[in-house]
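**Q** Note that numbering that gives the first Met the number 0 numbers the sequence shown so that position 291 is 290, with each residue one more than the last.
Heads up, the beta-carbon is just placed ideally off N, CA and C, and yes, glycines get one too.
None of the values given here were measured: they were computed from a predicted structure.
This structure is in structure tokens; I'll ask about it shortly.
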Amino acid sequence: MRVKKTKTNLELYAVSGTNTIVLSIDMKQKPTDLLGFAFERVETESKKRIWLEGQKFFKSVINIGNRDLEKVKGQKYPTHLHPIQSFLWKDFTVEPGIEYTYIVTCMTGSPKNPEIGLSQEITISTEEHIKGDQGIYFNRGVSGSQSYTERFGFDKPFDKDENVVNQKAVDWLSRGLYEGMLAFITSAEESQKIRGACYEFHYPGVLYALKDAMKRGVDVSVVYDAKNYGDDNAKALNATGTSDLVKQVRDNEVSQAHNKFFVIVDKNDEAVNVWTGSTNISAKGIFGHCNTGHIISDKRIAAKYYEYWKLVNENLARKEYQIAVEGMKEGLDVNAEEIPKGISVFFSPRKTNNMLQTYANLIEGANEMVCCIYPFNIDKRFQAVFKEDKNYIRYILLDKHSESNTFQTNDKDVEVVAGAYIHSPIDNWVGETDAGKLIKTGIDFLHNKIILIDPLGEVPTVISGSANFSENSTSKNDENTLVIKGNDWVADIYFTEYVRLFDHFSFREWLNGHTTEFNPYLDETGKWINDYFDDPNHLNVKRKLIFKNMFRAKEGK
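See below:
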């Protein structure tokens, strides 16, 4: 949902997803005596009203020296006393399907004697996980965060066999993703079929849910990767007594059978809906590093997945398989300008890597902003685009920095951030950990595969699926990639989740390299305002304009 309030000097622009609301602020004239912004939040139905809090404070008000910050570790401060010094505010504590009103107030005066200035309020509702023919879920993906440590310390949520030992921690980490997956499986009725293709297929809860579906009279058949995770998958199936879920494995001339999807097929052998995305069927995939689950209830798209699953199930040799995949209806490579509005899907392996250039060309054609998550490498086609000096903002998230995803650019509008956690306590921040230590080593932060192109623009484009946007994922692996154009609801959820992740990891990466420079004090000189007004090429100014110009935002009452 997109809402704006623009009738006064204090302008508000809000975008909501399911669990995140992003609020951009602007003022028609640059303020001269602004300490920052205070935020109140009111839930419409419950009438619950709270001051939102920040983690920085005025040193002249709370005179704590650096040596004594340990005493207030984890302390938060109400924003009407210690205001937010940013024109972008994010609320990551909202719940799906709830209406909220935010009261934003300019705090003026002095830190010791703050005064209430101009105030404006805006009302916006968060989205439900499912709307129309699509459903979207993101797990929390920040298992090593301040919030996890404050709630659960360094307690592990699972034992070595992926059995739950801390249910509250598991529920918090899932954030609806696991529940959405189970609800999808449970929706299959007697005489229907579930057809699955999975890379990792060993989380007991999902195996049991599929077994329960079989007991209800659902015909279940899952093909899993036997080349990379064959032992882990077989061990879990044997341990849970669910080996009959699998009639065929995928191991013939494939680098990675990397799909993570399920198709529900009705009694007339017609596919009705699909669960897909980046989420492996493992404890770490569902609850550890960040992942996406995406439901498509469009029969045209479901039919494509079902047709593709039949090819996966044949376990073909690579060349024969590539020919068969591209022989599917609408299975050939397309150019960027040929991708229509609506939902498209592209499967792998393909005979060429041309689709990577298509995705790079879509990025090249952006007008305002691109947001990408590359868990592993950044292909040379994307690097070529990112090296160019463009006038639009490009945000890039990585799981970790490596030689394969490092490139040089002089464009200040390109920001690259990798997953990180606070290695040791610093000032008023507690120490954190990561998903590798809590659950299992490997990809510890980001596993989504996402490209967002002008997500608040006239025709937002979302690219998401199992493929890592690499040559292997295009021509050697089993993969599926959705391209969704022109759907604001989808774009808003993906964008707000992206903001959450970028906000979380960008601060941590900076902090780990600047521990001696960090302090939790608010600016008391007023200079913080300059970056939002003085230079039209400054990233903060460009970011404000993206929200001011966002399409189809309704003027709030």
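1) Specify, as a first and last residue, the run of the alpha helix (DSSP H) that G204 falls within.
2) Excluding the 5 residues preceding and the 5 following E363 in the sequence, name in chain order all residues of the same chain whose CB lies nearer than 6 Å to its CB.
3) Would you grab the beta carbon distance between Y99 and E42 for me? Rounded to a whole angstrom, and I think it's under 8 Å.
4) Report yes if the CB atom of N404 is closer than 9 Å to the CB atom of G140, and no otherwise.
5) Just to confirm, is the Cβ distance from V344 to K389 under 9 Å?
6) Given this structure, state the Cα-to-Cα distance separating F406 from H201, to the nearest angstrom.
7) Pull up the DSSP beta-bridge partners for R48, would you.
8) How many Å lie between K259 and S85 at the Cα?
9) Could you work out which residue in I97, K234, I421, S465 is closest to E44 when comparing CA atoms only?
10) Figure out for me which residue from G430, G512, N548 has the closest Cα to the Cα of S146.
11) Which same chain residues end up closer than 6 Å to V415 when comparing Cβ atoms and leaving out the 5 residues on each side of it in sequence?
12) For H257, collect the residues of the same chain with a Cβ closer than 6 Å to its Cβ; drop the 5 residues on either side in sequence, then sort them by chain order.
13) Answer yes or no: do G16 and E126 have a C-beta to C-beta separation smaller than 9 Å?
14) Over the uninterrupted beta strand (DSSP E) stretch that includes N272, give me the two end residues.
15) What residue does the alpha helix (DSSP H) around L310 start on, and which one ends it?
16) Between the C-alpha atoms of S118 and L9, what's the straight-line distance to the nearest angstrom?
17) Can you round the beta-carbon distance between D154 and A168 to whole angstroms, since I take them to be within the 8 Å contact cut?
18) Are there 16 or more other CB atoms within 10 angstroms of the CB of G64, so buried, or fewer, so exposed?
19) Relative to the alpha-carbon of E508, which residue among H537, W527, A417 has its alpha-carbon at the smallest distance?
20) Using DSSP bridges, identify the partner residues of D477.
21) Starting from the C-beta of A323, find all residues in its chain whose C-beta is less than 6 Å away, skip the five residues before and the five after it, and write them out in chain order.
22) Just how far apart, CA to CA, sit N251 and F444?
23) Rounded to the nearest angstrom, what separates S220 and G485 at their Cα positions?
24) Among the candidates L355, W50, K541, L87, whose CA atom is the shortest distance from the CA of V333?
25) For Y320, which residues of its own chain have a beta-carbon under 7 Å away from its beta-carbon, when the five flanking residues on both sides are left out?
26) Tell me where the beta strand (DSSP E) around V163 begins and ends.
27) So for F494, helix, strand or coil by DSSP?
28) Would you check if the distance between the CB atom of Y493 and the CB atom of S474 is smaller than 9 Å?
29) Are R393 and W308 close, meaning C-beta to C-beta below 9 Å?
30) I'd like to check one pair, V103 with E120: are the Cβ atoms closer than 9 Å?
31) Find the nearest neighbour of R150 within the set N138, Y136, Q166, N162, judged by alpha-carbon distance.
32) To the nearest whole angstrom, what separates the beta carbons of F532 and C289, a pair I think is in contact under 8 Å?
33) Of the choices E367, N366, D268, T357, whose alpha-carbon is the least far from that of R380?
34) Under a three-way DSSP split, which group does Y12 fall into?
35) How long is the line joining the alpha carbons of M180 and I129, rounded to whole angstroms?
36) Given a cut-off of 9 Å on the beta-carbon distance, is the pair F546 and L455 in contact?
**A** On the basis of the supplied data:
1) The count along the sequence shown starts at 1 and reaches residue 204 at position 205. It spans 203 to 214 - the alpha helix (DSSP H) in which G204 sits, taken as one unbroken run.
2) Counted from its first residue, the sequence shown places residue 363 at position 364. Cβ contact annotation for E363 (same chain, cutoff 6 Å, sequence separation greater than five): V384, in chain order.
3) The count along the sequence shown starts at 1 and reaches residue 99 at position 100. The count along the sequence shown starts at 1 and reaches residue 42 at position 43. In this structure, Y99 and E42 form a Cβ contact; the two beta carbons are roughly 6 Å apart against a cut-off of 8 Å.
4) Stepping through the sequence shown from its first residue, residue 404 is reached at position 405. Stepping through the sequence shown from its first residue, residue 140 is reached at position 141. No; because the gap between Cβ atoms is not below 9 Å, this pair is not in contact.
5) Here the question's residue 344 lines up with position 345 in the sequence shown. Here the question's residue 389 lines up with position 390 in the sequence shown. No, these two residues do not count as a Cβ contact at 9 Å.
6) Position 407 of the sequence shown, counted from the start, is the residue given in the question as residue 406. Position 202 of the sequence shown, counted from the start, is the residue given in the question as residue 201. Inter-residue distance for F406 and H201 is about 36 Å (C-alpha atoms, whole angstroms).
7) For this step, residue 48 is matched to residue 49 along the sequence shown. Note: R48 sits in a beta bridge opposite V41.
8) Taking the sequence shown and counting its residues from 1, one reaches residue 259 at position 260. Taking the sequence shown and counting its residues from 1, one reaches residue 85 at position 86. Roughly 39 Å separates the two Cα atoms.
9) Start at 1 with the first residue of the sequence shown, and residue 44 comes out as number 45. Looking from the CA of E44, the closest CA among I97, K234, I421, S465 belongs to I97.
10) Translated into the one-based positions of the sequence shown, residue 146 becomes position 147. Selection G430, G512, N548 evaluated against S146 yields G430 as nearest (Cα-Cα).
11) Your numbering for residue 415 matches position 416 in the sequence shown. Excluding sequence positions up to five before and after V415, its CB lies within less than 6 Å of the CB of I395, all in the same chain and listed in chain order.
12) Indexing the sequence shown from 1 puts residue 257 at position 258. So the qualifying residues of the chain are Y198, S465, N476, D477, E478.
13) In the sequence shown, residue 16 corresponds to position 17, counting from 1. In the sequence shown, residue 126 corresponds to position 127, counting from 1. In contact: G16 and E126 (Cβ atoms closer than 9 Å).
14) By one-based count along the sequence shown, residue 272 stands at place 273. Its beta strand (DSSP E) spans residues 270 to 276.
15) Taking the first residue of the sequence shown as position 1, residue 310 is located at position 311. 298 to 313 is the span of the alpha helix (DSSP H), which, as asked, contains L310.
16) Mapped onto the sequence shown, residue 118 falls at position 119. Mapped onto the sequence shown, residue 9 falls at position 10. Near 7 Å, if we compare the C-alpha coordinates of L9 and S118.
17) Taking the sequence shown and counting its residues from 1, one reaches residue 154 at position 155. Taking the sequence shown and counting its residues from 1, one reaches residue 168 at position 169. Yes, they are in contact, since the Cβ atoms of D154 and A168 sit about 7 Å apart, within 8 Å.
18) As a working note, residue 64 is residue 65 in the sequence shown. Around the C-beta of G64, fewer than 16 other C-beta atoms lie within 10 Å, and the residue is accordingly described as exposed.
19) Taking the sequence shown and counting its residues from 1, the one referred to as residue 508 is at position 509. Checked all of H537, W527, A417; the closest Cα to E508 is A417.
20) For the purposes of this step, residue 477 is taken as residue 478 along the sequence shown, with counting starting at 1. Note: D477 sits in a beta bridge opposite A256.
21) As a first step, residue 323 is located in the sequence shown; it is residue number 324 there, counting from the start. For A323, where only same-chain residues beyond five positions count, the Cβ hits under 6 Å are L310.
22) Translated into the one-based positions of the sequence shown, residue 251 becomes position 252. Translated into the one-based positions of the sequence shown, residue 444 becomes position 445. Whole-angstrom Cα-Cα distance: 31 Å.
23) Locating residue 220 in the sequence shown gives position 221, where the first residue counts as 1. Locating residue 485 in the sequence shown gives position 486, where the first residue counts as 1. Their Cα atoms are separated by approximately 34 Å.
24) For the purposes of this step, residue 333 is identified with residue 334 of the sequence shown, where counting begins at 1. Considering only L355, W50, K541, L87, the residue with the shortest C-alpha distance to V333 is L355.
25) As a working note, residue 320 is residue 321 in the sequence shown. In chain order, L310, P348 place their CB closer than 7 Å to the CB of Y320, counting only its own chain and leaving out the 5 sequence neighbours on each side.
26) Translated into positions along the sequence shown, residue 163 becomes position 164. Here V163 belongs to no beta strand (DSSP E), and DSSP marks it neither H nor E.
27) For the purposes of this step, residue 494 is taken as residue 495 along the sequence shown, with counting starting at 1. In the three-state reduction of the DSSP assignment, F494 falls in the helix class.
28) Numbered from its first residue, the sequence shown carries residue 493 at position 494. Numbered from its first residue, the sequence shown carries residue 474 at position 475. No. Outside cutoff.
29) Here residue 393 refers to the residue found at position 394 of the sequence shown. Here residue 308 refers to the residue found at position 309 of the sequence shown. Not in contact: R393 and W308 (Cβ atoms no closer than 9 Å).
30) Reading the sequence shown from its first residue, position 121 is the one you call residue 120. Reading the sequence shown from its first residue, position 104 is the one you call residue 103. Taking C-beta atoms as the reference points, E120 and V103 count as a pair closer than 9 Å.
31) As a position in the sequence shown, residue 150 is number 151, starting the count at 1. If we check each option's Cα against that of R150, Q166 comes out closest.
32) In the sequence shown, counting from the first residue as 1, residue 532 sits at position 533. In the sequence shown, counting from the first residue as 1, residue 289 sits at position 290. Not a contact, Cβ separation roughly 34 Å.
33) Start at 1 with the first residue of the sequence shown, and residue 380 comes out as number 381. Each of E367, N366, D268, T357 was checked against the Cα of R380, and the nearest Cα belongs to T357.
34) Within the sequence shown, the letter at position 13 stands for residue 12. Y12 carries a strand assignment under DSSP once its states are collapsed to helix, strand and coil.
35) Position 181 of the sequence shown, counting from 1, holds the residue named residue 180. Position 130 of the sequence shown, counting from 1, holds the residue named residue 129. Going from the Cα of M180 to the Cα of I129 covers about 12 Å.
36) Indexing the sequence shown from 1 puts residue 546 at position 547. Indexing the sequence shown from 1 puts residue 455 at position 456. In this structure, F546 sits near L455, with a CB-CB distance shorter than 9 Å.
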